[in-house]
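Colleague: Going by numbering that gives the first Met the number 0, the first sequence opens with residue 0, and the numbers climb by one from there. Beta carbons: idealized from backbone N, C-alpha and C, even for Gly. Every value quoted in this text rests on a predicted model; they were computed, and no experiment measured them. Here it is, the structure in full.
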Amino acid sequence: MNDLKYTLAQTLLHLLNKRLNINIKQIDLQPTRKDFEGDLTFTVFPLVKITGKNPEILGRELGEMLMESAPDLVEKFNVIKGFLNICLKKELYLKKLTEHYRSGQWITPVSDAGAIMVEYSSPNTNKPLHLGHIRNCLLGWSVSKLYEAIGHKVYRVQIINDRGIHICKSMVAWKKFANGATPQFKGVKGDHFVGDYYVLFEKEYKRQVQQLMARGVKEEDAKENAPIMLEAREMLRLWEQGDPDTMALWKQMNEWVYEGFDQTYQKLGVSFDKNYYESDTYRLGKDVILKGLHEGIFFQKEDGSIWVDLTSEGLDQKLLLRRDGTSVYITQDIGTAIARFEEFPIHKLIYTVANEQDYHFKVLFLILKKLGFPWADQLYHLSYGMVELPHGRMKSREGTVVDADDLIDEMIKTSADLTSSLGKAEGLSDEEKLELYHIIGLGALKYFILKVDPKKKMIFNPEESIDFNGHTGPFIQYTHARINSLLQKASTPDLKALPKELYAEESQLLKTLLDYNDTVHRAAAEYNPSELANYLFELARNYNAMYQKYSILTAESHEKKQLRILLSHCTKQVLYDGLHLLGISAPGRM
RNA sequence: GGCCUCAUAGUUCAAUGGAUAGAACGAAAGUUUCCUAAACUUUAGAUAUAGGUUCGAUUCCUAUUGAGGCCA
């Protein structure tokens, strides 16, 4: 559609310019609504004011002019109210489609494709991953794939928050309560193992606080001085001093966590080119702040703390270095960003982080811009809405956090039950069965998450299982699988024997296929995989409509058969390719 | 308190300022001697409220109500 639409827009612009003396820069062409005849629609209302002409008459004039000056492109037209509906020559569509089919190339790469870094996941090491991380990972992964698809080199990274009071809490609890237990010994996944001690810490902490309060200590003081909290603080102090025993324990616990994370990432099908660790990066940024202070970009308060003033940008003043010279969060983020651009040949950096940090990234980007880094305009916060439960946010204190591993396992189990009860796995080896269940279960989960606009919050109801019918991943996977098995019974299409006339369902499918390139580019440009997800559903539906209504292998004519086989091949290619850009596999049968 | 999001069928999601607001699930009814029924076809059902801008508003602006978030 891309090229044809562009050509038509150019022709129309030229006509308006030369024949009607109207100078506008952009032509607004939209796909014609299904209820009307046509492929593309030009809305003439905006021109009515300029020309003073009746919209219907103007539309007809333009239509006539198009027919006259671009007879190879335009088949016919009609005007309804102020809408000029244009039918393009079907041969052109078919020609485009055959080109794609022959080359297997569906996406035109961008000409100025530089390298990009995408950061996603970025967990803390005191707890296992949850549903929020799943959304984060799937978005980061899919956006990475989208950029690769249009020709960019992409570096995938995560920054792991492996230091601080939270991990010290797990360490203290392990020391006190574990008796030297290990994940292997207990048969628990490493990240869950460490997470369990974090929960134990919180439980004991709460108990101690209540005990103190019962003895008449004020709540504030009790929280401050509960013995186990003091131990955690002491642990953090020892860590910062590099105490050998503390470091050893810290390393050991993080190792356990990473083993667990790796398993989850693998099940989810995401990976990273590089891991950053806050224990390495938390000192970064200080020197840049001091340099900025020197250059008058920042200012120092009387107590010695360093700040940036963003009030002229409509934001606040923001602390950068405390008076004792220690960093705050944003300091290390500044340093890390600089380090990344030095280390990698990237021209763009995308942070996949939930929208609760919108303000943080606004400030971060502004500061880097003030510091004069030329790439500061190429920083993007892929801000996504949080996953909520029907009654609100997931809360660890209330135990409502949806665990990533549990959810994945549940999806696979549901997939297995459903697949075997439908008899779809008959004749497969046990290994093949497991793989198929995994692909379908994760297809359902991933599509469920990616079909939603990232900017919007989404609701997940643990009481209702994620669907496998309707607007779902398995629906698209199924359409692909069915085409695959059909094509095994078909010969390669004879591209010289395509029909001149298309039925509505064939034509609709054809047009949708030609929208693939645009869709992928738009999804990448807008950092929005849901554009692609919804497109693929539409494509699968269009295919099923044709499949249902017309026979393919026993079509009414040789020409129709070739056309439908060609359409089937193309649909299969696009579904397979598009699903992979969402991180979803497409099985050959199901 | 200051700032930032969001509000669409019973539910979960769509709709570059354009035509009669699309889907899916759920509900009701149908399609199998025929390429995989995880499919297809019908029916019922929605733009929070009040203004404004516009030839035209779910979309832009203002206020109200409600939900969420961030900053102390």
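Just how far apart, CA to CA, sit residue 66 and residue 356?
Modeller: Their backbone Cα atoms lie some 54 Å apart in a straight line.
Colleague: Closer than 8 Å by C-beta to residue 410: which residues in its own chain qualify, once you throw out the five before and the five after it? Chain order, please.
Modeller: So the qualifying residues of the chain are 440, 441, 443, 444, 465.
Colleague: Write down the C-beta distance between residue 167 and residue 234 rounded to the nearest angstrom, noting that I regard them as a contact closer than 8 Å.
Modeller: Yes, they are in contact, since the Cβ atoms of residue 167 and residue 234 sit about 4 Å apart, within 8 Å.
Colleague: How is the alpha helix (DSSP H) around residue 342 delimited, first residue to last?
Modeller: Run containing residue 342: 328-342, per the alpha helix (DSSP H) assignment.
Colleague: Could you spell out where the beta strand (DSSP E) holding residue 153 opens and where it closes?
Modeller: That run of the beta strand (DSSP E) goes 152-159.
Colleague: Should residue 546 go down as buried or exposed, given a rule of 16 or more other Cβ atoms within 10 Å for buried?
Modeller: Result: buried.
Colleague: What residue does the alpha helix (DSSP H) around residue 482 start on, and which one ends it?
Modeller: Note, residue 482: alpha helix (DSSP H), 472-486.
Colleague: Can you grab the Cα-Cα spacing for the pair residue 26 / residue 62, in whole Å?
Modeller: Their Cα atoms are separated by approximately 15 Å.
Colleague: Should residue 99 be labelled buried (16 or more other beta-carbon atoms within 10 Å of its own) or exposed?
Modeller: Per the 10 Å Cβ criterion, buried.
Colleague: Does the beta-carbon of residue 121 have 16 or more other beta-carbons within 10 angstroms, so that it is buried, or is it exposed?
Modeller: Its Cβ being crowded by 16 or more others within 10 Å, residue 121 is buried.
Colleague: CA-CA distance, residue 404 and residue 290?
Modeller: Roughly 45 Å separates the two Cα atoms.
Colleague: Would the beta-carbon of residue 283 fall within 7 Å of that of residue 335?
Modeller: Yes, the Cβ-Cβ distance between residue 283 and residue 335 is below 7 Å.
Colleague: With 16 other CB atoms within 10 Å as the buried threshold, where does residue 190 fall?
Modeller: The residue is buried, with at least 16 neighbouring Cβ atoms inside 10 Å.
Colleague: Would DSSP call residue 418 helix, strand or coil?
Modeller: Residue state, collapsed to three classes: helix.
Colleague: Among all the DSSP beta bridges, which residues are the ones paired with residue 308?
Modeller: Paired residue(s): 316.
Colleague: Inspect the beta-carbon positions of residue 73 and residue 58 and report whether they are closer than 7 Å.
Modeller: No. Outside cutoff.
Colleague: Thinking C-beta only, is residue 139 closer than 7 Å to residue 117?
Modeller: Cβ distance < 7 Å, so residue 117 and residue 139 count as in contact.
Colleague: So, is residue 418 buried or exposed, given that buried needs 16 or more other C-beta atoms within 10 angstroms?
Modeller: Looking at its Cβ environment, which holds 16 or more other Cβ atoms inside 10 Å, residue 418 is buried.
Colleague: Would you be able to state if there are at least three C-beta pairs under 8 Å between the stretch 370-385 and the stretch 447-464?
Modeller: They touch, by the three-pair rule.
Colleague: So within the stretch 51-106, which uninterrupted beta strand (DSSP E) runs reach at least 3 residues, ignoring any that extend past its ends?
Modeller: The stretch 51-106 contains these whole beta strand (DSSP E) runs: 73-79, 82-87.
Colleague: Quick one: what's residue 457 bridged to in DSSP?
Modeller: In the DSSP output, where bridge partners are listed per residue, residue 457 has 386.
Colleague: Given a threshold of 16 other Cβ atoms within 10 Å of its Cβ, counted over all protein chains shown, does residue 414 qualify as buried or as exposed?
Modeller: Residue 414 comes out buried.
Colleague: Below 7 Å between beta carbons: does that hold for residue 248 and residue 170?
Modeller: Yes; because the gap between Cβ atoms is below 7 Å, this pair is in contact.
Colleague: If you compare alpha carbons, which of 286, 535, 549, 550 is closest to residue 578?
Modeller: It is 535.
Colleague: Could you name the residues of the same chain whose beta carbon sits closer than 8 Å to that of residue 292, not counting the 5 residues immediately before and after it, in chain order?
Modeller: The residues are 298, 299, 305.
Colleague: Helix, strand or coil: how does DSSP classify residue 543 here?
Modeller: Residue 543 falls in the helix class under three-state DSSP.
Colleague: Could you give the first and the last residue of the continuous alpha helix (DSSP H) run that contains residue 41?
Modeller: Segment 39-42 is the beta strand (DSSP E) holding residue 41; no alpha helix (DSSP H) there.
Colleague: Quick one: what's got a C-beta closer than 7 Å to residue 569's C-beta in the same chain, skipping five residues either side?
Modeller: So the qualifying residues of the chain are 96, 99, 100, 512.
Colleague: Can you find the residues in the same chain that come closer than 7 Å, C-beta to C-beta, to residue 558, ignoring five residues on each side of it along the sequence?
Modeller: So the qualifying residues of the chain are 496, 497, 498.
Colleague: Since residue 343 contacts residue 154 with CB under 8 Å, what's their CB separation in whole angstroms?
Modeller: About 6 Å; that satisfies the 8 Å criterion.
Colleague: Using only CA atoms, which one of 103, 43, 60, 146 lies nearest to residue 524?
Modeller: Closest by alpha carbon: 146.
Colleague: Are the CB atoms of residue 278 and residue 392 within a distance shorter than 7 Å?
Modeller: Against a cut-off of 7 Å, the Cβ pair of residue 278 and residue 392 comes out as no contact.
Colleague: Going by DSSP in three states, residue 236 sits in which element: helix, strand or coil?
Modeller: Helix at residue 236.
Colleague: Along the chain, where does the alpha helix (DSSP H) containing residue 142 start, and where does it finish?
Modeller: Start and end: 130-148.
Colleague: Determine the extent of the beta strand (DSSP E) in which residue 365 is found, giving its start and end residues.
Modeller: First-last for residue 365: 357-369, but that is the alpha helix (DSSP H), not the beta strand (DSSP E).
Colleague: Would the stretch 504-518 count as touching the stretch 85-96 if we require 3 or more Cβ pairs under 8 Å?
Modeller: A contact exists between the stretch 504-518 and the stretch 85-96.
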